[in-house]
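Colleague: Can you read through this structure? Questions will come right after.
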Amino acid sequence: MSSDAASPLPPPLPPRAEVAPSAPAEAERTQVVAAAPLRLWGRPLGEILCLTAGLGQEKLDEALRVQADKGGRIGEVLVQLKYASEEDVAKALAAQLDLPYVARIFSDEVDGDLVKRVPINFAKQARLLPLRLGEDGVQLAVADPLDTPVLDHARMLLGQAVVPNVALASTIVDAINGVYDRAVNEAEQLVEDMEAQDLDSLAHELEEPRDLLDNDDEAPVIRLVNSLLFRAAKERASDIHVEPMERELVVRFRIDGVLQEIIKPPKRYQNSIVSRVKIMAQLNIAEKRLPQDGRIRIKLAGRDIDIRVSTIPTTHGERIVMRLLDKNATLLDLVEIGMAAETLSGLDALIRRPHGIILVTGPTGSGKTTTLYGALSRINTPDLNILTVEDPVEYQLKGIGQMPINPKISLTFASGLRAFLRQDPDVIMVGEIRDKETAEIAIQASLTGHLVFSTVHTNDAAGAVTRLVDMGVEPFLVASSLTGILAQRLVRRLCQDCRQPYVPTAEELKEITLPPDALKRAGVTHIYRANGCNACNKLGYRGRTGIYELLLVDDEVRQLVLKNVDSGTIKKSALQRGMKTLLDDGGRKVMLGETTIAEVLTVTQEDL
475 MSSDAASPLP
485 PPLPPRAEVA
495 PSAPAEAERT
505 QVVAAAPLRL
515 WGRPLGEILC
525 LTAGLGQEKL
535 DEALRVQADK
545 GGRIGEVLVQ
555 LKYASEEDVA
565 KALAAQLDLP
575 YVARIFSDEV
585 DGDLVKRVPI
595 NFAKQARLLP
605 LRLGEDGVQL
615 AVADPLDTPV
625 LDHARMLLGQ
635 AVVPNVALAS
645 TIVDAINGVY
655 DRAVNEAEQL
665 VEDMEAQDLD
675 SLAHELEEPR
685 DLLDNDDEAP
695 VIRLVNSLLF
705 RAAKERASDI
715 HVEPMERELV
725 VRFRIDGVLQ
735 EIIKPPKRYQ
745 NSIVSRVKIM
755 AQLNIAEKRL
765 PQDGRIRIKL
775 AGRDIDIRVS
785 TIPTTHGERI
795 VMRLLDKNAT
805 LLDLVEIGMA
815 AETLSGLDAL
825 IRRPHGIILV
835 TGPTGSGKTT
845 TLYGALSRIN
855 TPDLNILTVE
865 DPVEYQLKGI
875 GQMPINPKIS
885 LTFASGLRAF
895 LRQDPDVIMV
905 GEIRDKETAE
915 IAIQASLTGH
925 LVFSTVHTND
935 AAGAVTRLVD
945 MGVEPFLVAS
955 SLTGILAQRL
965 VRRLCQDCRQ
975 PYVPTAEELK
985 EITLPPDALK
995 RAGVTHIYRA
1005 NGCNACNKLG
1015 YRGRTGIYEL
1025 LLVDDEVRQL
1035 VLKNVDSGTI
1045 KKSALQRGMK
1055 TLLDDGGRKV
1065 MLGETTIAEV
1075 LTVTQEDL
């Protein structure tokens, strides 16, 4: 946005000329404001804003001084100083350059063929969107029409001349999301189209032999699978289940830990759908009697998605489960995953020690890996050599060496961990301690001056101690190496748009070990229950948060471990010294209005 000189302003324009002409005829829904009158072309942006947006001379002068001091464009400076809105600046820029201003973009009127030529990640980064093909070239909505490299790149991608139209960046991003969201509904439409083909018509088509090179019968199946993958990524699904039944085929997504039925494709397309997925995962489509595992790596809406594929034979055909891992997902800090200040403080002290073992426990899908990554990112500095061995590597961590295990070539957690000790590490993360060999190597690593992170599958923090002993590790080794154990679960977070307040009964509070006067003590008058709205797909929940239980291994716990006592005794001792259980932390989340009593009870039944 061009710079301004502090020159005297010309007299104001007549009132009718202060705003550009209105949108064209009703038939064209995309709201385009025509170019400004001739007298505004080429004028400094500040002058135009004074004439069209009521910007005063004093504010303009101050903005010019800030621009001279800090640099940047005058429009950006005015927005930062809150002297003008982004919309005012965009309209003024359109007037200055004699370009149309697009107030709103309707995604259903955007040319889909043009959009396919522009990668979504480039469109979002460059803040542009091709609208339609006109007489002079492709009408292009763009937030910065002065960025000529972006316009040149768009021209190359589209293979056409481009005609810039100025629009707000937020308007363009919303339109991009809307355009690419069309694929979400495509799966349902494809199923309807496939069901519309009756068996008689299919049988008739098969009467005459056809050249396989000309056969496009599989195209709907390919589009269906692609649409399902796109929808799963958009709706934050962690797993896709393709389940053959006796008379139907069911596709379900696991969203926020709960399976939801999505569509029921025709049973007769079952083999085609399974084969398509197996081809994408590079599996043997001829082998239908044995389980197979594979991987699909694709880009969806500009995001790198790694999909682990598992197939097993069942009585009604092959069953497929696909687990989606978003490689571009933003790693959450320990604060963002719902950790209480007291727990965070204790864990933060543990991860900054020079040696020892820190374990995270919980069932599959309870967020253990996310917690470990959050801890590693917290201490990830150039002066530390951090190495991880995982199954598989779920997220790429900058500055950290990550190695996936491969049992086919005897690269296991134990062998990988043993190799790491020759790599001069400071911190080691082992994806999971599954056996005595891995446990003993991890303990030896901690005793020789390394900080080790790992996970085990137990119900609570105290149970991790006895699990290591049950694996065959000597109690004195466990006692001397363990520094802390974090147990965790994931509970669904209440939808903030539709949650319903209510006053719980004393019995309900008692179920999560809260006293009858808990609300009064916390200074709240009510808690919330799930309801359901369009924003949360009528589920009442949207997203998940964690509940945690941190057991610090102090001298008293070490003495109990040396005596080889049961986990209940260790837990009782820790509770006497102030440890908060999973149920206690769940009660805190209920009081904060983040989740419900039912959710907490569902994931903490073993604590009751």
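Everything in the sequence shown is counted per my numbering, starting at 475 for the first residue and increasing by one.
Yeah, the Cβ is synthetic: ideal placement off N, Cα and C, and Gly gets one too.
Since this is a predicted model, take the numbers as computed values, not measurements.
(1) In chain order, what residues of the same chain have a beta carbon less than 6 Å from the beta carbon of Met945, not counting five sequence neighbours either side?
(2) For Cys972 and Glu1068, I'd like the C-alpha separation in whole angstroms.
(3) Between Pro740 and Ile781, what straight-line distance do the alpha-carbon atoms span, to the nearest angstrom?
(4) Please say whether Tyr557 and Leu529 have beta carbons closer to each other than 8 Å?
(5) On the three-state DSSP scale, how would you describe Gly1061?
(6) With a Cβ-Cβ cutoff of 8 Å, do Leu871 and Leu850 count as a contact?
(7) Tell me the DSSP secondary structure of Glu1023 in three-state form.
(8) Throw me the rounded Cβ distance for the Ile915 and Arg892 pair, which I believe falls under 8 Å.
(9) Check whether the stretch 946 to 959 and the stretch 998 to 1005 touch, using three or more Cβ-Cβ pairs below 8 Å as the test.
(10) Note down, in chain order, each residue of its chain lying with its Cβ closer than 7 Å to the Cβ of Pro990, except the 5 sequence neighbours on either side.
(11) If we count the other Cβ atoms within 10 Å of its Cβ and call it buried at 16 or more, is Thr932 buried or exposed?
(12) By DSSP, does Asp898 sit in helix, in strand, or in coil?
(13) Taking three-plus beta-carbon pairs below 8 Å as touching, is the stretch 780 to 799 in contact with the stretch 752 to 770?
(14) Within 10 angstroms of the Cβ of Tyr847, are there 16 or more other Cβ atoms? Answer buried if so, exposed if not.
(15) For the alpha helix (DSSP H) containing Ile696, name the first residue and the last one.
(16) By how many angstroms is the C-alpha of Gly937 removed from the C-alpha of Gly812?
(17) By how many angstroms is the C-alpha of Leu631 removed from the C-alpha of Ile772?
(18) Spatial neighbours of Asp822 within its chain, please: C-beta separation below 6 Å, excluding the five flanking residues on both sides.
(19) By Cβ distance below 6 Å, which residues in the same chain neighbour Phe894 in space, the five residues on each side in sequence not counted?
(20) Could you tell me how far apart the beta carbons of Arg750 and Ala707 are, in whole angstroms, since I believe they sit closer than 8 Å?
(21) Note down, in chain order, each residue of its chain lying with its Cβ closer than 6 Å to the Cβ of Glu1073, except the 5 sequence neighbours on either side.
(22) Can you give me the Cβ contacts of Pro975 inside the same chain, cut-off strictly under 6 Å, excluding the 5 residues immediately before and after it?
(23) Taking DSSP as the reference, what is the three-state secondary structure of Phe727?
(24) Just the C-alpha distance for Arg963 and Pro694, rounded to the nearest angstrom, thanks.
(25) Figure out for me which residue from Ile907, Asp618 and Gly839 has the closest Cα to the Cα of Arg941.
(26) Can you tell me the Cα-Cα spacing of Gly923 and Leu1025, whole angstroms?
(27) Going by other Cβ atoms of all chains shown within 10 Å of its Cβ, with 16 needed for buried, is Ala510 buried or exposed?
(28) Bridge partners for Asn639 per DSSP, in chain order?
(29) Given 8 Å as the limit, is there contact between the stretch 551 to 571 and the stretch 584 to 596, that is, 3 or more CB pairs closer than that?
(30) Measure the C-alpha to C-alpha separation of Leu673 and Tyr743 and round it to an integer number of angstroms.
(31) Between the alpha carbons of Lys801 and Asp582, how many angstroms are there, rounded?
(32) Taking only the alpha-carbon atoms, compute the straight-line gap between Glu1023 and Ser884 and give it to the nearest angstrom.
(33) In the DSSP assignment, what are the bridge partners of Phe927?
(34) With which residues is Pro718 paired in a DSSP beta bridge?
(35) Express the C-alpha separation of Arg578 and Ser644 in angstroms, rounding to a whole number.
(36) Given a cut-off of 8 Å, decide if Glu720 and His627 are closer than it, judged by their beta-carbon atoms.
Modeller: Well, looking at it:
(1) Numbered from its first residue, the sequence shown carries residue 945 at position 471. Hits under 6 Å: Lys910 and Ala913.
(2) As a working note, residue 972 is residue 498 in the sequence shown. As a working note, residue 1068 is residue 594 in the sequence shown. Within the model, the alpha-carbon separation for Cys972 versus Glu1068 is close to 12 Å.
(3) To locate residue 740, count along the sequence shown from 1; it is residue 266. To locate residue 781, count along the sequence shown from 1; it is residue 307. As the crow flies, the alpha-carbon of Pro740 is around 24 Å from that of Ile781.
(4) Here residue 529 corresponds to residue number 55 of the sequence shown, with the count starting at 1. Here residue 557 corresponds to residue number 83 of the sequence shown, with the count starting at 1. Here Leu529 is near Tyr557, since their CB atoms are less than 8 Å apart.
(5) Counted from its first residue, the sequence shown places residue 1061 at position 587. Three-state result, Gly1061: helix.
(6) Residue numbering aside, residue 871 sits at position 397 when the sequence shown is read from its first letter. Residue numbering aside, residue 850 sits at position 376 when the sequence shown is read from its first letter. Contact flag set, yes.
(7) Indexing the sequence shown from 1 puts residue 1023 at position 549. In this structure, Glu1023 counts as strand in the three-state DSSP scheme.
(8) Walking along the sequence shown from the start, residue 915 turns up at place 441. Walking along the sequence shown from the start, residue 892 turns up at place 418. Contact between Ile915 and Arg892 holds: CB atoms are separated by about 6 Å, below the 8 Å threshold.
(9) Flag = no, the stretch 946 to 959 and the stretch 998 to 1005 do not touch.
(10) Counted from its first residue, the sequence shown places residue 990 at position 516. Cβ-Cβ distances below 7 Å link Pro990 to Ala980 and Leu983 in the same chain, with the five nearest sequence neighbours on each side left out; the list follows chain order.
(11) By 1-based counting over the sequence shown, the position of residue 932 is 458. Burial call: buried.
(12) The residue labelled residue 898 in the question sits at position 424 within the sequence shown. Here Asp898 sits in coil by DSSP.
(13) By the Cβ criterion, the stretch 780 to 799 is in contact with the stretch 752 to 770, since at least three pairs of Cβ atoms, one from each stretch, lie closer than 8 Å.
(14) As a first step, residue 847 is located in the sequence shown; it is residue number 373 there, counting from the start. Taking all protein chains shown into account, Tyr847 has 16 or more neighbouring C-beta atoms within 10 Å of its C-beta and is therefore buried.
(15) Numbered from 1 along the sequence shown, position 222 holds the residue referred to as residue 696. Following the DSSP letters along the chain, one finds Ile696 inside the alpha helix (DSSP H) bounded by residues Ala693 to Lys708.
(16) Taking the sequence shown and counting its residues from 1, one reaches residue 812 at position 338. Taking the sequence shown and counting its residues from 1, one reaches residue 937 at position 463. C-alpha separation (whole angstroms): 23 Å.
(17) As a first step, residue 772 is located in the sequence shown; it is residue number 298 there, counting from the start. As a first step, residue 631 is located in the sequence shown; it is residue number 157 there, counting from the start. Near 21 Å, if we compare the C-alpha coordinates of Leu631 and Ile772.
(18) Taking the first residue of the sequence shown as position 1, residue 822 is located at position 348. Residues of the same chain with their beta carbon placed closer than 6 Å to that of Asp822 are lacking, with the five preceding and five following residues left out of the count.
(19) As a first step, residue 894 is located in the sequence shown; it is residue number 420 there, counting from the start. Leu861 and Ile902, listed in sequence order.
(20) Position 276 of the sequence shown, counting from 1, holds the residue named residue 750. Position 233 of the sequence shown, counting from 1, holds the residue named residue 707. Rounded, the Cβ-Cβ distance is 17 Å, inconsistent with contact.
(21) Locating residue 1073 in the sequence shown gives position 599, where the first residue counts as 1. Val965 and Arg966, listed in sequence order.
(22) Position 501 of the sequence shown, counted from the start, is the residue given in the question as residue 975. Taken in chain order, the residues that qualify are His1000 and Tyr1002.
(23) On the sequence shown, residue 727 is found 253 positions in, with the first residue counted as 1. Reduced to three states, the DSSP call for Phe727 is strand.
(24) In the sequence shown, the residue the question calls residue 963 occupies position 489. In the sequence shown, the residue the question calls residue 694 occupies position 220. If you take the alpha carbons of Arg963 and Pro694, they lie about 40 Å apart.
(25) In the sequence shown, the residue the question calls residue 941 occupies position 467. Ranking Ile907, Asp618 and Gly839 by Cα distance to Arg941 puts Ile907 first.
(26) Taking the sequence shown and counting its residues from 1, the one referred to as residue 923 is at position 449. Taking the sequence shown and counting its residues from 1, the one referred to as residue 1025 is at position 551. Take the alpha-carbon of Gly923 and the one of Leu1025: they are about 22 Å apart.
(27) Walking along the sequence shown from the start, residue 510 turns up at place 36. Residue placement at Ala510 is poorly supported in this model, since its pLDDT is 47, which falls under 50; the coordinates still yield a value, given next. Under this definition Ala510 is a buried residue.
(28) Along the sequence shown, one-based indexing puts residue 639 at 165. For Asn639, the pairing in a beta bridge is given by DSSP as Ala615.
(29) Touching, no, given that fewer than three Cβ pairs across the two stretches are closer than 8 Å.
(30) In the sequence shown, the residue the question calls residue 673 occupies position 199. In the sequence shown, the residue the question calls residue 743 occupies position 269. With a pLDDT of only 39 at Leu673, under the threshold of 50, the placement of this residue in the model should not be trusted, and no figure is reported.
(31) Translated into the one-based positions of the sequence shown, residue 801 becomes position 327. Translated into the one-based positions of the sequence shown, residue 582 becomes position 108. C-alpha separation (whole angstroms): 30 Å.
(32) Your numbering for residue 1023 matches position 549 in the sequence shown. Your numbering for residue 884 matches position 410 in the sequence shown. Those two C-alpha atoms are separated by around 35 Å.
(33) Counted from its first residue, the sequence shown places residue 927 at position 453. Residue pairing from DSSP places Phe927 in a beta bridge opposite Ile832 and Met903.
(34) Along the sequence shown, read from residue 1 onward, the residue named residue 718 stands at position 244. Per the DSSP secondary-structure output, Pro718 pairs in a beta bridge with Leu723.
(35) In the sequence shown, counting from the first residue as 1, residue 644 sits at position 170. In the sequence shown, counting from the first residue as 1, residue 578 sits at position 104. Cα to Cα, Ser644 sits roughly 10 Å from Arg578.
(36) Taking the sequence shown and counting its residues from 1, one reaches residue 627 at position 153. Taking the sequence shown and counting its residues from 1, one reaches residue 720 at position 246. Not closer than 8 Å, so no.
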